[in-house]
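Peer 1:
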Amino acid sequence: MTDIQTQFNHESQISTEQWQAIINNDASYDGQFFYAVRTTGIFCRPSCRSKEPKPQNVTIFADAQQAITAKYRPCKRCKPTGERLPDSEWVSVMTEYIDHHYTEPLTLHQLAEICHGSPYHLHRTFKKIMHITPVDYIQQHRIHQACQELKETHHSITAIGLNIGIPNTSYFVTLFKKKMGITPAQYRKQHQKIH
């Protein structure tokens, strides 16, 4: 057995049969087990048509209550508890994901896949709960992080843009100025701590 297979079987507690059921969205396994994805904090039925998780991020539960007790939230798409996840909790899953993955490229479609919903429904629900769009939330989070770096480091504007998930420097400067009213260089000059 390879190291990956050992890690896969040991950490995930998932059999090859269960993994096949998950990647094939096999409804015949619904009710036999539930799977949770550590990176999203969501649990699903084997038949869920959400994005295929990485096997090392999957934990298997015998029933939905075990997953809930382990602090996982039910999937909005496959409704493993038979109940709909409240919108505020679903948005909380999204914001938590964004807060931890803002440096990565994030699109509405990717968020919808990760959070187990449609892009349209995700956008509408997010805006209803947060009063801003998911894209606005991502931008606000990135700009907030940029402000922290501008105040606390001597990294170049380009490096800060890369660190917050905006590799295009001119776009970063334009977005920063739009959100803050001044350029990153002007912000740094006004706010950098004296060392």
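Quick note on numbering: the working numbering labels position 132 of the sequence shown as 129, and the sequence is numbered without any gaps.
All residues carry an ideal CB built from backbone N, CA and C; glycine is no exception.
#1: Exposed or buried, which one is Ala156 when buried takes at least 16 other CB atoms within 10 Å?
#2: Would you list, in sequence order, the uninterrupted beta strand (DSSP E) runs of no fewer than 3 residues that lie entirely inside the stretch 5 to 45?
#3: List in chain order: all unbroken alpha helix (DSSP H) runs of 4+ residues lying wholly within the stretch 145 to 180.
#4: When the Cα atoms are used, what is the spatial distance from Gly178 to Gly114?
#5: Report the partner residues of Thr56 according to the DSSP bridge assignment.
#6: Between Asn22 and Ser44, is the Cβ-Cβ spacing less than 7 Å?
#7: Among the candidates Gly28, Lys186, Asp133 and His128, whose CA atom is the shortest distance from the CA of Leu105?
#8: Given this structure, state the Cα-to-Cα distance separating Thr180 from Thr150, to the nearest angstrom.
#9: Could you give the distance in angstroms between the alpha-carbon of Pro52 and the alpha-carbon of Phe58?
#10: To the nearest angstrom, how far is the alpha carbon of His141 from that of Tyr117?
#11: I think Val88 touches Thr122, with their Cβ atoms under 8 Å apart; what is that distance to the nearest whole Å?
#12: Beta carbon of Thr31, beta carbon of Ala67: below 7 Å?
#13: In terms of residues, what are the limits of the alpha helix (DSSP H) holding Arg116?
#14: Taking all protein chains shown into account, do 16 or more other C-beta atoms lie within 10 angstroms of the C-beta of Ile129, making it buried, or fewer, making it exposed?
#15: Spell out the partners DSSP gives Arg70 in its beta bridges.
#16: With H, G and I counted as helix, E and B as strand and the rest as coil, what does DSSP make of Glu80?
#17: Since Asp60 and Arg42 are thought to touch, with beta carbons under 8 Å apart, how far apart are those beta carbons, to the nearest angstrom?
Peer 2: On the basis of the data shown:
#1: exposed
#2: 31 to 34 and 39 to 41
#3: 154 to 160 and 166 to 177
#4: 35 Å
#5: Ala33
#6: yes
#7: Asp133
#8: 16 Å
#9: 14 Å
#10: 26 Å
#11: 6 Å
#12: Residue identity differs from the one stated: residue 31 is Phe in this sequence, not Thr. Cβ atoms of Phe31 and Ala67: not closer than 7 Å.
#13: The sequence as given places Pro at residue 116; Arg does not occur at that position. Counting along the chain, the alpha helix (DSSP H) containing Pro116 begins and ends at Pro116 to Met127.
#14: exposed
#15: Ile39
#16: coil
#17: So it is not a contact: roughly 11 Å between Cβ atoms.
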